[in-house]
Amino acid sequence: MSDDTAGHRRQRVHPARVVLHTFLIVISLAWLFPMAWALFNSFRDYGYTLQHGYLSFGGFTLDNYVDAWERGGFANSFWNSAVITVTAVVATLILSSCAAFVLARYSFRFNLGMLAVFVAANLLPPQSLLIPVYRMFRAVELPYWLSSSGSLLDSHLGVIIINVAFQTGFCTFVLSNYIKTLPKEIYESAMLDGASVWTQFAGLTVPLLRPPLAALATLQTAWIYNEFFWATVLMQSGDKFPVTSSLNNLKGSFFTDYNLLSAGSIIAALPVLAVFFILQKQFVAGLTLGATKG
Amino acid sequence: MSKITTRPRRDRSVLLSRTDRVVLGLMLGIPLIVVAGLVWGPALVTVALSLTSWDGIGGLSDIQWVGARNYVDLATIYPPFWPALWHNILWLLVLFLVFTPLGMLLAVFLDKELRATRFYQTALYLPVVLSAALVGFIWQLMYSRDQGLINALFGTSIDWYGDSTINLWAAMIANGWRHTGYIMLLYLSGLKGIDPSLREAAAIDGASQTKTYLQIIFPVMRPINIIVLTITFIEGLRAFDLAWIINRGRNGLELISTLVTTNVVGEASRIGFGSALATIMLLISSIFIVIQLRVVLKGER
Amino acid sequence: MITRNTPFSRRRLLQASGLAAGTSLLSACGGGSAGSADGVVTMGSYQSDDVPKKAFAEMMAGFTGSEVKINTIQHETFKEGINNYLQGNPDDTFTWFAGYRARYFADKGLVGDISDVWDKIDGMPDSMKVASTDSKDRQVFIPSTYYPWAVFYRPSLFRERGYTEPTTLDEWLTLSEQMKKDGITPIAFADKDGWEAMGTFDMLNLRVNGYDYHVSLMAGQEAWDGEQVKNVFKAWNQLLPFHQPDALGRTWQEASQGLIQNKSGVYVMGMFMQQQFAEADLADDLDFFVFPEVDSAIGAKVVEAPVDGFMMAAKPKDEKLAKELLAYLATPEAVGVTVKSDPSVIAANSKADQSSYNALQKKAVKVIEEAEAISQFLDRDSRPDFANTVVGPALQAFVKDPTQIDSILASVEEQKKSIFATN
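Chains as they are written, first to last, in numbering that gives the first Met the number 0: chain A, 0 to 293; chain B, 0 to 300; chain C, 0 to 422.
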């Protein structure tokens, strides 16, 4: 499509293209630079940079990574983050695709109101909900096999639930818009075959939702993995904190050792970067937000 | 990717069996309970708590009703309140006037199927997946007074995060670094969803690219434009992570959200007072939430 | 909020872990068989940094009553979450601070009464008992270690330049003038986290208005916009031109570096600053003098020396074991482990072995023994909701623009009235 247009006008547009590419290259490099700088310094010895200043070259070492891994307690916190992120993302996507399906496919009188409840919930500031949520979680008693603290407080389950509650709104919105763009005919023929609501959802709709689900899974993984407010205020056992707090451990003692912190940062960022690169293709394709019906 | 179909406004006269109704009820009911119970319920309780004085310890019977005193106090004798509100407004304006338009512009460029577009996209949205702690720290490497790159390069000794006259701007740049990619991502996905025939028609008419964009694409993108704007507003209002990471929102980086956290979370728990601040956040948010909803719901009708 | 983030050198890390391995072996031989059935006592710890964490584990390993399960939480996170922690699912025992900060939770019924443990404790000075007692005359706290706040400097620099320790404010001003001429920042200063300047305020208030006034100001019984407090800032204003500029963006660690590099002359800090010197292998080149006298009628005999130690949750799972553990932690043997691995603190128990003390520790003991009274620290002597949300930012505002002090103090007073009005 736009390739064609570009082809037709190659002669004329050429200088503009050069300008455009220059602009994009400059911006991209500017955007990459801070991360590249952190990466660069994460491989350097602190003593070396202290002595020669950061505007130097040399002192390369892998020690920062070894130190950061041990002091940050990453082995443990990665596991915690994985448990929280994977469960929360899966639960969010299940709940929101259910809700989105109902809201997009069936018209009830309260439909718009419901969508409003979901969408707006995503936009509330989390700090303003802390105290009630905290008291509520403390009051909920759980069996010990589910939570070693005996309540939703200080348990992974609590953090998972609150993340799900916050993210379901956004996902419902995106998915319901997507479902509305699906051709209505497929549902009509399914109904003629006497397919139940559940079959229409699980058998018909969900397979078609793969692109937006992949996109949302990526975004949600990033958001929930990076979330630190709820994790810090709801957790009380040092060995249950997620990765975002590992960085804190490094900061506590070695605030001035930027190289060690750089290494910790890179370690912390790796999983979500990996997810992003793997799902990158599906990403832009899936996140249409369905809002361009014209 | 998404197909544009013209469909009747509503599916009507759908016949549902009893089982189907139960299934539908559960499919909508469970998410609804989660969201209402954990988001809306607590929000209302917070509003109620804002009229009390409470240290958050012990039973609910300790709560004293103090009426509007918290609101009066924060507007009159709480020094950080007005600066914080102003900082939120600045934060919002900078996102609105600089980084959101930049993200949109980049999306329009990247929609052109350029060579190396994947590289550009990746570079721009890498920061989006980083946590605030990482963004704050990565920029610390640039900003640090004694060990930062900027001061080393220019021989200056400016304390970018510490000087209360500039640290808000420094933080906004770091935040914009992430925000631009985020907006670019959303907008690009919107552009990809546009019917190619629109553009082809415009090209055949011989319209220039700028003209095509302004006269045809931009209007079609209206819903997503407004979503992007609302996200910008909400991000401006909810701004928290970065300021909290840098210095717990003190000394020039006060924001309403950090004031709420300082009062409610720390060892110093002034629950009533913090809730009053939170309620103010809720009220301002609701303005934008209503705008967003009107747009979303309009699209529905 | 007073932070004791503690960097250690690798060398000391090795020392400490060697130490730890040695004694845990011992305790494995000695205590293992005698241990009571399956009882485990839990300990919530803010000692999240590497070396203190190891020393802490070693100290706990010395307890023969049962296994001690340590729950380590990052230092700042622990302190910020203390309210929620104590109300939620606290460990049987946990690390905390003496003074108002301990009493506050006792008054709220969130910690347990351990008066009976105190009956068995030997060697704890009376001042420590006072600092551990709540408003109902019960003991709720076990002191472990403490450290003085003072004015630190490098003796090598003083020798080289011929400086002498000032004993009065005037002498200090003269010295600062001289340092300035010599191209040295006279007084290192940092107030990024909002608590560092509290140390200077406390010391000046103790020198200008005395201990009794300080206590009553902290309790909310004096006017912050009154003459006395203004006099404190008048004295501060004399010193302020000699303070290191741009303090609000600097951490105390960075300010300490100024001393290490001989860029700054002296630094008003807690003795934990020693760790920065140890890290730079300069532990022997650090000394201090007590904060100089401002008013000869008041003198300079009050020392600020915050006490760190342990408390018990209101409802521990095994109260008997928890109390046994606390009794053990009060012994000279237990605290000996800590003071050996961390030479920036001294033992609260006066019977603790002091033979391993370095010169700095010995001097600290002497200064504190000679003190007329001991204060804790602003955020430990006053309500936390006042100290951290009102006084901290107010001091930062003063540092930012000293000319605004009258309006700053007026605002502090109004907020104080509102906060102290609620129970």
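Each residue gets a CB set at the ideal place from its N, CA and C atoms; glycine is no exception.
*Output the boundary residues of the beta strand (DSSP E) element that contains residue 65 of chain B.*
Run containing residue 65 of chain B: none; DSSP gives neither H nor E here.
*In chain order, which alpha helix (DSSP H) runs of at least 4 residues are fully inside the segment 194-228 of chain A?*
Complete alpha helix (DSSP H) runs here, min 4: 209-225.
*In the DSSP assignment, find the unbroken alpha helix (DSSP H) run with residue 222 of chain B in it and report its ends.*
In this chain, the alpha helix (DSSP H) harbouring residue 222 of chain B covers 221-237.
_Assuming contact is defined by CB atoms lying nearer than 7 Å, are residue 115 of chain A and residue 175 of chain A in contact in what I supplied?_
For residue 115 of chain A and residue 175 of chain A, no; Cβs fall outside 7 Å.
*Would you report the Cα separation of residue 196 of chain B and residue 139 of chain B, rounded to the nearest angstrom?*
Cα to Cα, residue 196 of chain B sits roughly 47 Å from residue 139 of chain B.
*In angstroms, rounded to a whole number, what distance separates the CA positions of residue 402 of chain C and residue 239 of chain C?*
Cα to Cα, residue 402 of chain C sits roughly 12 Å from residue 239 of chain C.
*Alpha-carbon spacing of residue 53 of chain B relative to residue 253 of chain B, whole angstroms*: About 23 Å.
_In DSSP terms, what residue 50 of chain A is bridged to_ = According to DSSP, which records beta bridges pairwise, residue 50 of chain A is partnered with nothing at all.
*Take the Cβ of residue 236 of chain C as the centre, count every other Cβ of all protein chains shown within 10 Å, and call the residue buried at 16 or more, exposed below.*
Residue 236 of chain C comes out exposed.
*Please decide whether residue 104 of chain B counts as near chain A, where near means a Cβ-Cβ distance under 7 Å.*
So no, residue 104 of chain B is outside the interface.
*Going by alpha carbons, who is nearest to residue 385 of chain C out of C:251, C:413, C:250?*
For residue 385 of chain C, the nearest C-alpha among the options comes from C:413.
*Beta carbon of residue 123 of chain A, beta carbon of residue 42 of chain B: below 7 Å?*
Their beta carbons are under 7 Å apart, which means residue 123 of chain A touches residue 42 of chain B by this criterion.
*If you count every other CB in all the chains shown that lies within 10 Å of the CB of residue 4 of chain A, and 16 or more means buried, which is it?*
Caution is warranted here: a pLDDT of 46 is assigned to residue 4 of chain A, below 50, making its placement in the model unreliable, and the coordinate value is therefore given only provisionally. Buried, because 16 or more other Cβ atoms sit within 10 Å of the Cβ of residue 4 of chain A.
*At a CB-CB cut-off below 8 Å, which residues of chain A make contact with residue 265 of chain B?*
Around residue 265 of chain B, no beta-carbon contact reaches into chain A at under 8 Å, the shortest distance being about 10 Å.
*residue 348 of chain C versus C:383, C:359, C:335, C:339, residue with shortest Cα-Cα distance*: For the set C:383, C:359, C:335, C:339, the Cα lying nearest the Cα of residue 348 of chain C is the one of C:335.
*Is it the case that the Cβ atoms of residue 190 of chain B and residue 110 of chain B are separated by a distance below 7 Å?*
Here residue 190 of chain B is near residue 110 of chain B, since their CB atoms are less than 7 Å apart.
*Could you tell me how far apart the beta carbons of residue 270 of chain C and residue 251 of chain C are, in whole angstroms, since I believe they sit closer than 8 Å?*
Between residue 270 of chain C and residue 251 of chain C a beta carbon distance of about 12 Å is seen, past the 8 Å cut, so the two are scored as non-contacting.
*Do residue 294 of chain B and residue 120 of chain A have their CB atoms nearer than 7 Å?*
Cβ distance not < 7 Å, so residue 294 of chain B and residue 120 of chain A don't count as in contact.
_Per-residue DSSP class, three states only, for residue 26 of chain B_ = Residue state, collapsed to three classes: helix.
_Reduced DSSP secondary structure (H/G/I, E/B, other) of residue 43 of chain C_ = Here residue 43 of chain C carries a strand assignment [DSSP, helix/strand/coil].
*asked:* Can you tell me whether residue 153 of chain A is buried or exposed? The criterion is at least 16 other CB atoms within 10 Å of its CB, across all chains shown.
replied: Around the CB of residue 153 of chain A, 16 or more other CB atoms lie within 10 Å, so the residue is classed as buried.
*Bridge partners - residue 68 of chain C, DSSP secondary structure assignment*: Partner(s): C:41.
*If you follow the alpha helix (DSSP H) that residue 412 of chain C is part of, which residue opens it and which one closes it?*
Looking at the DSSP string, the run of the alpha helix (DSSP H) that includes residue 412 of chain C is 404-420.
*For residue 287 of chain C, write down the residues that DSSP places opposite it in a beta bridge.*
In DSSP, residue 287 of chain C forms a bridge with C:151.
*Please name the residue, chosen from B:150, B:188, B:251, B:198, that lies closest to residue 170 of chain B on a Cα-to-Cα basis.*
Measuring C-alpha to C-alpha distances from residue 170 of chain B to each of B:150, B:188, B:251, B:198 identifies B:251 as the nearest.
_Close beta carbons around residue 254 of chain A, own chain, < 6 Å, minus the five adjacent residues each side_ = The predicted position of residue 254 of chain A is uncertain, since its pLDDT is 47 and thus under 50; no value can be drawn from it.
*At what residue ranges does the segment 244-281 of chain C contain a whole run of the beta strand (DSSP E), taking only runs of 3 or more?*
Runs found: 263-269.
*Determine which residues of the segment 65-79 of chain C have a Cβ less than 9 Å from any Cβ of chain A, and write them out in chain order.*
Cβ contacts with chain A come from 69, 70, 71, 72, 73, 74, 75, 76, 77, 79.
*Show which residues of chain B have a CB atom less than 9 Å away from the CB atom of residue 414 of chain C.*
Neighbours of residue 414 of chain C across chain B, judged by C-beta separation under 9 Å: 72, 76, 77, 78.
*Backbone CA spacing between residue 141 of chain B and residue 53 of chain A [nearest angstrom]*: So the alpha carbons of these two residues sit roughly 10 Å apart.
_Counting only beta-carbon separations shorter than 7 Å, does residue 383 of chain C have a partner in chain B?_
Taking 7 Å as the threshold, the shortest C-beta distance from residue 383 of chain C to chain B falls below it.
*asked:* Considering just the uninterrupted stretch of the alpha helix (DSSP H) at residue 331 of chain C, what are its terminal residues?
replied: Its alpha helix (DSSP H) spans residues 331-340.
_Reduced DSSP category for residue 25 of chain C - H, G, I as helix; E, B as strand; rest coil_ = Its pLDDT being 36, under 50, residue 25 of chain C is placed unreliably by the model, and the measurement read from it follows with that caveat. In the three-state reduction of the DSSP assignment, residue 25 of chain C falls in the helix class.
*Nearest-angstrom Cα separation, counted from residue 78 of chain B out to residue 33 of chain C*: Its pLDDT being 33, under 50, residue 33 of chain C is placed unreliably by the model, and the measurement read from it follows with that caveat. Taking the straight line joining both Cα atoms gives about 60 Å.
*Check whether the Cβ of residue 152 of chain A lies closer than 7 Å to any Cβ atom in chain C.*
Contact with chain C is found for residue 152 of chain A, since one of that chain's Cβ atoms lies less than 7 Å from the residue's Cβ.
*With DSSP as the reference, label residue 102 of chain C as helix, strand or coil.*
Residue 102 of chain C sits in a helix when the DSSP states are folded into three classes.
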